[in-house]
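Notes follow the structure.
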Amino acid sequence: MIRLVLHVWRQAGPSEPGRFERYEATEVEPDMSFLEMLDVVNERLVLEGRDPIAFESDCREGICGSCGFMVDGVAHGPGRGAAICQVHMRQFRDGEDLRIEPWRARAFPVLKDLVVDRSALDRIVAGGGYVSVPTGSAPEANTLPVPKPQAELALDAAICIGCGACVAACPNASASLFAGAKVAHLGRLPQGQPERHARARGIVGAMDAEGFGHCTFIGECSAACPKSIPIEVISFMQRDFIRASWSRREWRPGIAGGPWFRGGSGPVGDPGSSEGDER
Amino acid sequence: MTGPDAVADPRLDARIPTGPVAQKWERRRDEARLVSPTNRRRYRILVVGSGLAGASAAASLGELGYGVDVFTYHDSPRRAHSIAAQGGINAAKDYRNDGDSVARLFADTVKGGDFRSREANVYRLAQLSVRIIDQCVAQGVPFAREYGGTLANRSFGGTQVSRTFYARGQTGQQLLLGAYQALLRQAALGSVDVHPRTEMLDLVVEAGRARGIVTRDLGDGRLRVWTGDAVVLATGGYGNVYHLSTNARNSNATAIWRAHRRGALFANPCFTQIHPTCIPVAGAHQSKLTLMSESLRNDGRIWVPARPGDRRPPDQVPEGDRDYYLERAYPAFGNLVPRDVASRAAKRVCDEGRGVGPGGLGVYLDFRDSVERLGVETIRERYGNLFDMYRRITDEDPYRLPMRIYPAIHYTMGGLWVDYDLMSDLRGLFVLGEANFSEHGANRLGASALMQGLADGYFVLPITIGDFLARHAPESLAPDHPACAEARTDVEARLDRLRSGRGSRTVDSFHRELGRLMWDYCGMSRSAAGLRAALERIPALREEFWRDVRVAPGERINESLARAGRVADFMELAELMCVDALHREESCGGHFRVEHQSEDGEALRDDEGFSYVAAWEWRGPGEAPVLHREPLQFDRVKPARRSYR
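Chains G and C supply the protein sequences, listed in that same order.
One point on numbering: in numbering that gives the first Met the number 0, the residue at position 137 of the first sequence is 136, and numbering is uninterrupted.
One point on numbering: in numbering that gives the first Met the number 0, the residue at position 318 of the second sequence is 317, and numbering is uninterrupted.
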């Protein structure tokens, strides 16, 4: 068993000031996951009548994308190709000091402690990250063959879990890896061709509207990605965007910042929720 | 509550269309009333849950032109637990020319469910399976392909054909992203409103009809009442009653349990699935268990040492000292027997002292022979991400040493009772996916959950909800209607009670204790004595919970408060599960009563006595629930003792 000293970012709400607070994690077992270690700290805080550390998690096996924060300045902490829920305590030394803080990006306002609002990522997908195929209108599945390598490449991009680590790791807070992964996933498949240009424009437009920074090919995003999505997806997106800008096809109905995101999570990015429009 | 009250007269009308099973769905569709396109926007449908069933339903209803609200407690609809499904999705495409057909998928599913599912629903599921694959491929789901560009398949437990479509070990993720993208397309077009971080805490019922829901904003704690013309629950299963399961941390039963308390019948609550291939428990701190996909059983061989107490490392146990017990006992299906059979067999060899790993609670899943036969690259291509996940958790290399696996709670076949149209006995309340009870009987076959969620959402509900709405003029209750006010007041009172908890134990400590109790007494094997013991201890634990729980203060993102409400509901549901398990004096599928087994330890069904759906009615806290029975009829597949030997 080991003992750790945690310096955790505590912030009561989006407009409250935040600060680091010190906690000791004792009796940490090597087989524990990082989040289980935090569970134990939180159990103690609750019993002491203190506010537990707010962090998000759900599947705890690296697929849902709920969890994520910085450990010593590294998104998802040590361990390449893993979300923080998949990092185990055997990677840490006894007595180590760890600095734990939320994703930092203008497009991801802090809601509380380590929890940020990542709904901007949903709005990027809503900007065109789909194939417009109404239920029932699909042709027989084997009608359109997809070469195996092509399907595999599409899946390499489609495995993105939407955690936001790429944005947090990027010095520009760009969402290009996330957006590029969606553009490349669909653009590499024959099913994605009819809307390929509109998709690139819609997604890039939504990304800009959300206040993410631009990509300068630093590559931190791909290094931090728990699914190791390659940076080529960004060039894929940029190429499609440039081609789309030359083409004279119509824009599709616009999206970004649209009215769909209601109810949500309090004052941030949530114009509809302050009025009680109960029905 | 200690046992069933006087058995109520059944007469649960499932409203199954007449005629041969193969034509029932076509008939239902042809006879369903329609809402005209111009009228659809006047109806408002509340969809709770954004997993495969909820997202596919909401997207499809939005495309049809209905007004749709989608609620999810996650920060994004894409995080629903469907995302974690690994292995695949079944469909009767017969691409392999191995004799598959709709009738065979239907028969396999009915048999796999140990003849406790509704024939008509299963047949419809098998019919629709084909269109699901078409739909998903068109959406851009990158399924595995053959070199010629056509779709690839693999085998799953309980079948002798290859009908499972997959995307590496993350099929659920890819299917959910397809449905999520379709949903966001509708959101962008303005036909669907998405409400993330919004948890349903109660159902508004007026004159026997579901009219709305009460939600709590997990961000700022605010309560709201939403009303509409129909409510759709697609909120998943209740496996987290057991605390440790393969379900995600936040998966819970609150939405369906609150609906149950408002009058919806709860069917077959004791039918739970224990998955044979999970990573064994490592310690007391453990927060959840991780599944290793069933697809691994295609190429992995399961064994334990032949002699009890053999502690040699696996690579030093010679072939003659190994017992490949599934291949030995079930030569026809071998390692691909259904999940309930594989789980019980693992428990049996561990009970004999032949288990491996810490505590002797594990068996080997060995890839040595397949690596020799196919090469390490093929194995890596098929299962690479699962092997990585295993190594990360256990710090052992499965390319070199066999995996250690043990059964864990994975899925719940029981759920809210629904008729053929997926409507509960509360009019206007539709229940989809794992949250309902209907297609899997007493045991679900692998790769069938994804199929059911998407069949319900893409293809069944859009027809059947239209039929319901066409019979009712569009009209939502006013938010100040007494039924809304009552539900809201109830929620406030309950939250106040939870908030006032200033005791000495955390919510998790109660959850852990409840889970342990359920695993011991209502888990892989159940006995009358054990269930009676559980029925004494659960109310005591519940009483202690309300007296001694400690909940963190504050409204803003207070996970402790959210979890407290869910655990309180689990405690009531756990009791109903034990009541149901005690009443069902037979063994079938995942429900194994030690009193009812053959000489060789196989489950003994009682078709005379128990060929029915047990649908329970809530009568109040501490009151005995009332049993309603829907008799099951098998016209197409005759019930027989399941044999995989």
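Quick reminder that beta carbons are idealized off the backbone N, C-alpha and C, glycines included.
Query, Result
"Residue 256(G) CB to nearest chain C CB: under 8 Å?", "Model confidence at residue 256(G) stands at a pLDDT of 39, short of 50, so the residue's coordinates are unreliable and nothing is read from them."
"What are the start and end residues of the alpha helix (DSSP H) that includes residue 122(G)?", "118-125"
"Taking CB distances under 8 Å as the criterion, tell me whether residue 78(C) reaches chain G.", "yes"
"Assign residue 492(C) to buried or exposed, taking buried as 16 or more other Cβ atoms, counted over all protein chains shown, within 10 Å of its Cβ.", "exposed"
"Contact criterion: CB-CB distance below 8 Å. Does residue 93(G) meet it with respect to chain A?", "Of the chains in the structure shown, none is chain A; the protein chains are G and C."
"Can you pull the chain C neighbours of residue 25(G), defined as C-beta to C-beta under 8 Å?", "Neighbours of residue 25(G) on chain C: none; closest Cβ ~13 Å, over 8 Å."
"Below 7 Å CB to CB, which residues in the same chain sit around residue 689(C) once its five sequence neighbours on both sides are set aside?", "With chain C represented from 0 up to 644, any question about residue 689(C) goes unanswered, as that position is not in the structure."
"Is the region 467-476 of chain C close to the region 190-200 of chain C, with three or more CB pairs under 8 Å?", "no"
"Give the straight-line distance between the Cα atoms of residue 71(G) and residue 77(G), rounded to the nearest whole angstrom.", "9 Å"
"Can the beta-carbon of residue 613(C) be found less than 8 Å from the beta-carbon of residue 415(C)?", "no"
"Would you mind telling me which residues of chain C sit closer than 8 Å to residue 83(G), beta carbon to beta carbon, in chain order?", "Ordered by position in chain C, no residue passes the 8 Å Cβ test against residue 83(G), which lies about 12 Å from the chain."
"Name the two residues that bound the continuous beta strand (DSSP E) containing residue 147(C).", "Unbroken run through residue 147(C): none, as it is neither H nor E."
"Who are the neighbours of residue 376(C) on chain G, taking C-beta pairs under 8 Å?", "Per Cβ cutoff of 8 Å: no residues; residue 376(C) is ~14 Å from chain G at best."
"Tell me whether residue 173(C) is buried or exposed, calling it buried when 16 or more other Cβ atoms sit within 10 Å of its Cβ.", "buried"
"Taking 7 Å as the limit between beta carbons, can you name the residues of its chain near residue 249(G), skipping five residues before and five after?", "Its pLDDT being 49, under 50, residue 249(G) is placed unreliably in this model, and the value from its coordinates should be taken loosely. Excluding residues within five positions, none has a Cβ falling inside 7 Å."
"Give me, in chain order, the residues of the same chain whose beta-carbon lies closer than 6 Å to that of residue 256(G); leave out the 5 immediate sequence neighbours on both sides.", "Model confidence at residue 256(G) stands at a pLDDT of 39, short of 50, so the residue's coordinates are unreliable; what they give is reported in the following sentence. Result list for residue 256(G): 208, in chain order."
"Along the region 3-30 of chain G, what residues have a CB closer than 8 Å to any CB found in chain C?", "11, 12, 28 and 30"
"Taking the alpha-carbon positions, what's the residue 327(C) to residue 336(C) distance?", "12 Å"
"Whole angstroms is fine: what's the gap from residue 501(C)'s alpha carbon to residue 540(C)'s?", "17 Å"
"Name the DSSP beta bridge partners of residue 147(G), please?", "Its beta-bridge partners do not exist; DSSP assigns none."
"If you draw a straight line from the C-alpha of residue 29(G) to the C-alpha of residue 1(G), how long is it?", "8 Å"
"For a test of the three-state rule: what should DSSP assign to residue 1(G), helix, strand or coil?", "strand"
"Does the distance from the CB of residue 265(C) to the CB of residue 615(C) come in under 8 Å?", "yes"
"If you measure between the beta carbons of residue 330(C) and residue 644(C), is that distance less than 8 Å?", "yes"
"Helix, strand or coil for residue 226(G), going by three-state DSSP, please let me know.", "coil"
"Rounding to the nearest angstrom, what Cα-Cα distance links residue 133(C) and residue 164(C) in this structure?", "11 Å"
"If you count every other CB in all the chains shown that lies within 10 Å of the CB of residue 630(C), and 16 or more means buried, which is it?", "exposed"
"Which ranges does the alpha helix (DSSP H) cover as unbroken runs of at least 4 residues, wholly within the region 358-395 of chain C, from first to last along the chain?", "367-373 and 375-393"
"Roughly how many angstroms lie between the CA atoms of residue 406(C) and residue 155(C), to the nearest whole one?", "17 Å"
"Just the chain C side, please: which residues come within less than 7 Å of residue 237(G) by C-beta, in chain order?", "Under the 7 Å cutoff, chain C gives no residues; its nearest Cβ is about 20 Å from residue 237(G)."
"What is the C-beta distance between residue 112(C) and residue 440(C), in whole angstroms, given that I count them as a contact (C-beta under 8 Å)?", "2 Å"
"Please confirm whether residue 356(C) has its beta-carbon closer than 8 Å to some beta-carbon of chain G.", "no"
"So for residue 213(G), helix, strand or coil by DSSP?", "coil"
"Taking Cβ positions only, does residue 65(G) come closer than 8 Å to chain C?", "yes"
"Look at residue 179(G) and residue 236(G) and say whether their C-beta atoms are less than 8 Å apart.", "yes"
"Going by DSSP in three states, residue 321(C) sits in which element: helix, strand or coil?", "strand"
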